[in-house]
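Here's the structure we're looking at; comments come further down.
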Amino acid sequence: MTTTSALGTLVGCNATCFWTGRHGDVVDSAQLAEIMLANDTSAAAARNLQSHMDYIQAVQRHATAMGQELGISLGVNPRHLLLPAIDEDPREMVLEYRLRGPRRLQASALRPDLNWCSELNPTGRSVCGDIKSQKLCGSCWAFAATDLIETAVAIAGNATPVSLSTQQLLSCSKGPQVHTFHYCFASSPTMPSWVSPTKQWNATNDGCGGGMTQNALTDAVSKIKNLASRLTWPDNNDASSSRSPYPCTQLPDNSTAAHITGWEPALGTNSCASTSDPTRLLQDALATGPLAVAMHAQGLFPEYKGGVFTCPKIIHSDLIDHALLLVGYGYSSGTPHWILKNSYGAGWGINGFMHLAMDDDINCGLNIFPIRVLGASRGASVLRVDGGGDLDFGGLTLAAWLGIAATIAIITLLATIVGVRIALKRRANMHRC
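Every letter in the sequence shown is one number past the one before it in UniProt numbering, and letter 124, counting from 1, is 124.
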């Protein structure tokens, strides 16, 4: 028996629960655990994975017993090897999902499909970079910022996206900031009571301790200025700038991958000239490119594997706790949904993406912090080619470059051996956190 679901997706439970294996085959829990733990045999990883599998199975069994259709697929991904056990009652989770109920929109809110990470957009190509993973670092704000800038640069330059350094923002965007957002739709009868026409937001960027995307973009403009690629400034899961390859304000021009001149809220005081419908406003704002947003990411969000995710009512602003990239919208079985690019790795969700049901108020929080960047452009470090290709032989012969490549290969092999030993030490430390 085979399935089209992704690795780690729960297929179903009766006396035994079955999951999707590596090649679409259906496996039992023990077989899935063996697959997932192939590259990490530590006791902590095995314990974490088993606790999440138990939780997901319990949720599915309770949903079946209550006759509740969740509407989404659940499963495990590589993050679950690192995350501790879930301290939530599966019965309460199923009950909460039942209380959400369907929240359909009027037909007037529907538009044709749009997806900036596919060909379904005005450019006819994907402008999105690769799916990244924040691992256990609370750095979603930095990933949302770099993902947003990458897409803006790709659109402005009509070019392939260049992966930017999230670590640069973790190391260099710190401290408190205050920003004001305007909500022209605040008077809508479906709005939560805490949404007012104008609201000031105080937030502090604190490395892996959390932060806000707008703070990072402000620092990218006023303090950092020259943005590095991930190759120039790689991730090290450390918020300190002492291990950075360059001082935060002194990245050389020839090492710069991108610039921006500013940012702005995608929704403002003048956005409601033709409509105050929050869903239509977001759709209109997406017409020029992806938006950095924030949403409620608790409950079954970490276990999401597919389908259209339904959000609870956001009764307080503290429930909006995760930043990511809004890249479009579409329809599944008649249900309109948003398309979101996350930073949990490609093993989460639909190859790293989520389909979130549109709703009749703030769309799970998406309407609160939608942001776009201004003046995006490429830096001088982008590789260029003689005559318009991708590589430049720099005046040397091909034979000379092949000799250099052989030398580099030997050095790389030695460095890899050392790197593996260092990585094992870091992983052990991470499991003890």
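Cβ atoms here follow ideal geometry from the backbone N, Cα and C, with glycine treated the same way.
If residue i sits next to residue j, beta carbons under 8 Å apart, how far is it from one beta carbon to the other, in whole angstroms?
| i | j | result |
| --- | --- | --- |
| L281 | L267 | 6 Å |
| T269 | C184 | 6 Å |
| I260 | I149 | 6 Å |
| V195 | I371 | With 8 Å as the limit, V195 and I371 do not qualify as a contact, their Cβ atoms being about 17 Å apart. |
| residue 443 | I35 | The requested residue 443 is not part of the displayed model; the chain covers only 1 to 433. |
| C248 | S171 | 7 Å |
| L82 | L136 | 5 Å |
Taking DSSP's pairing of strands, which residues face residue i in a bridge?
| i | result |
| --- | --- |
| residue 435 | As displayed, the chain neither begins before 1 nor continues past 433, which places residue 435 out of reach and without an answer. |
| I371 | P265, A292 |
| L319 | Answer is none; L319 lacks a bridge partner. |
| H355 | V308, I339 |
| Y329 | L114, W338 |
| R91 | R91 is not bridged to any residue. |
| S377 | H259 |
| I86 | Paired residues: none, contrary to the question. |
| residue 434 | Since the first residue of the chain shown is 1 and the last is 433, residue 434 is not available in this structure. |
| S229 | L164 |
| T2 | D25 |
| L324 | V293 |
Taking the beta strand (DSSP E) that residue i belongs to, which residues open and close that run?
| i | result |
| --- | --- |
| I278 | With the sequence shown as reference, residue 278 is identified as Pro, and Ile is not the correct amino acid for it. Taken as a continuous stretch (DSSP letters only), P278 belongs to no beta strand (DSSP E), being part of the alpha helix (DSSP H) at 278-285. |
| T335 | 335-341 |
| L217 | Per DSSP, L217 belongs to no beta strand (DSSP E); it is in the alpha helix (DSSP H), 213-219. |
| L74 | 72-74 |
| L10 | 10-13 |
| F18 | 17-20 |
Using a threshold of 9 Å, state whether the C-beta atoms of residue i and residue j are closer than that.
| i | j | result |
| --- | --- | --- |
| A228 | S165 | yes |
| F369 | I314 | no |
| P302 | R91 | no |
| A144 | L324 | yes |
| Y329 | Q283 | yes |
| G307 | G211 | no |
| A30 | S51 | no |
| C117 | Q57 | no |
| V94 | L74 | no |
| G157 | V221 | no |
| D25 | M1 | yes |
| Q167 | S255 | no |
| A257 | V162 | yes |
| S187 | A142 | no |
| H179 | A203 | yes |
| D147 | C128 | yes |
| S133 | S343 | yes |
Between which two residues does the alpha helix (DSSP H) harbouring residue i extend?
| i | result |
| --- | --- |
| V59 | 43-66 |
| L32 | 29-36 |
Segments assigned alpha helix (DSSP H), at least 4 residues, entirely inside the region 113-171:
140-157
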